[in-house]
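Enquirer:
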Amino acid sequence: MAYQNALAALADPTRRRIFEALRAGPAPVGRLAAKLPVSRPAVSQHLKTLKEAGLVADEADGTRRVYRIDPKGLASLRRWLDQFWDDALDAFKAEVEKEQSKGKNRT
Amino acid sequence: MTRTIAIAPVRKTITVEAPQARAFEVFTTQMTRWWPATHTILKVTPRAHIVEPRVGGRWYSVGIDDSECDTGKVLVWEPPSRLVLAWQLGAEWQYDPNLITEVEVRFIAETPARTRVELEHRHIERMGEKAEAVASAVSSPGGWSAILESFKAAANG
Chain E
735 MAYQNALAAL
745 ADPTRRRIFE
755 ALRAGPAPVG
765 RLAAKLPVSR
775 PAVSQHLKTL
785 KEAGLVADEA
795 DGTRRVYRID
805 PKGLASLRRW
815 LDQFWDDALD
825 AFKAEVEKEQ
835 SKGKNRT
Chain X
1270 MTRTIAIAPV
1280 RKTITVEAPQ
1290 ARAFEVFTTQ
1300 MTRWWPATHT
1310 ILKVTPRAHI
1320 VEPRVGGRWY
1330 SVGIDDSECD
1340 TGKVLVWEPP
1350 SRLVLAWQLG
1360 AEWQYDPNLI
1370 TEVEVRFIAE
1380 TPARTRVELE
1390 HRHIERMGEK
1400 AEAVASAVSS
1410 PGGWSAILES
1420 FKAAANG
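Going down the list, the protein sequences come from chains E and X.
Going by this note's numbering, the final residue of the first sequence carries number 841, and the count climbs one at a time with no gaps.
Going by this note's numbering, the final residue of the second sequence carries number 1426, and the count climbs one at a time with no gaps.
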């Protein structure tokens, strides 16, 4: 679930610091790395995780990528709903067919 | 940020080996038997998920301590072929009577014993205002714990 991903992503203190640094406004990887005692590749990796969790978005600015807090967070929400309805309909199907097989005495 | 970003509806199709009327009945009046246990906004274990069988009927959950939580309401009630529910939970996973996202469920008889169920959850972007509130809570001093709590509530949901 995306929300669990978001929680897991934020459980890491370094990622939390990076996320909080973005509260000040959009920033490229280099500027974030300069503010934190973390290497630039490590910051990139953390940003990738935050992005996958739907917490930040990025866009190209020339040759660099600028990261910002995802203002809507809806991509994450949609992913969660998508997975939720898959699970719900599978459970629904199992229940309907269980009842039917009981009634018809088949497996 | 006032621009509205349309989010594609979530669409699902599943085929069940059951007559149309039976599929509609299990989906609605027997929701308790299949609604995923992982999803509830109750603070306690749910004992029932109720869809009142009429337009305007409540869609809610009842906990083992008899506490109740609304999920939404019935917008269209056309047994055995069509149902539209209002899903009124926002991005913070709280019931909001002013928020309406729609879950339309169509039951199509493929044969007398087989039904195709098509589900569409649309207007998800309306949750955006709430999501934006979450984002601004993050941006405000002391807002950090608020978003963590809402994510935690959603994940534990």
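Glycine included, C-beta positions come from ideal geometry on N, C-alpha and C.
In this text the structure is predicted, and so the values were computed from the model without any measurement.
For residue 903 of chain E, report the span of its alpha helix (DSSP H) as first-last.
Expert: Outside the modelled stretch of chain E, which goes from 735 to 841, sits residue 903 of chain E, for which no answer is possible.
Enquirer: For residue 1302 of chain X, go through chain E and note every residue whose CB falls closer than 7 Å to its CB, in chain order.
Expert: 829, listed in chain order.
Enquirer: What residue range is occupied by the uninterrupted beta strand (DSSP E) comprising residue 775 of chain E?
Expert: Run containing residue 775 of chain E: none in the beta strand (DSSP E); it sits in the alpha helix (DSSP H), 774 to 786.
Enquirer: Using the C-alpha atoms, what's the distance from residue 791 of chain E back to residue 748 of chain E?
Expert: Those two C-alpha atoms are separated by around 18 Å.
Enquirer: With a 10 Å radius around its C-beta and 16 neighbouring C-beta atoms as the bar for buried, classify residue 836 of chain E as buried or exposed.
Expert: Exposed: under 16 other Cβ atoms inside 10 Å.
Enquirer: Does residue 1380 of chain X pass the burial test, meaning 16 or more other C-beta atoms within 10 Å, or should it be called exposed?
Expert: Exposed.
Enquirer: CB-CB under 7 Å to residue 1366 of chain X, same chain, minus the five flanking residues each way: which ones, in chain order?
Expert: Closer than 7 Å at the Cβ level, and outside the excluded window around residue 1366 of chain X, lie 1357.
Enquirer: Which residues in chain X sit within 9 Å of residue 765 of chain E, going by Cβ to Cβ distance?
Expert: None at all; the shortest Cβ gap to chain X is about 18 Å.
Enquirer: May I ask you to list the residues that DSSP assigns as paired with residue 1377 of chain X?
Expert: X/1385.
Enquirer: Under three-state DSSP, which class holds residue 1315 of chain X?
Expert: Residue 1315 of chain X falls in the strand class under three-state DSSP.
Enquirer: With distances taken Cα to Cα, identify the nearest neighbour of residue 800 of chain E among E/761, E/814, E/824 and E/832.
Expert: Residue E/761 is the option with its Cα nearest to residue 800 of chain E.
Enquirer: If I measure Cβ to Cβ from residue 804 of chain E and keep anything under 7 Å in the same chain, skipping five residues before and after, which residues do I get?
Expert: Cβ within range, chain order: 788, 789, 790 and 791.
Enquirer: Please return the same chain residues whose Cβ sits closer than 6 Å to the Cβ of residue 1374 of chain X, not counting the five positions on each side in sequence.
Expert: Excluding positions up to five away in sequence, the list reads 1352 and 1388.
Enquirer: Per DSSP, residue 1371 of chain X forms a beta bridge with which residues?
Expert: Paired residues: X/1355 and X/1391.
Enquirer: If we ignore side chains and look at the alpha-carbon of each, how far apart do residue 1371 of chain X and residue 756 of chain E end up?
Expert: Cα-Cα distance, rounded: 34 Å.
Enquirer: Residue 812 of chain E CB to nearest chain X CB: under 9 Å?
Expert: At least one chain X Cβ lies under 9 Å of residue 812 of chain E.
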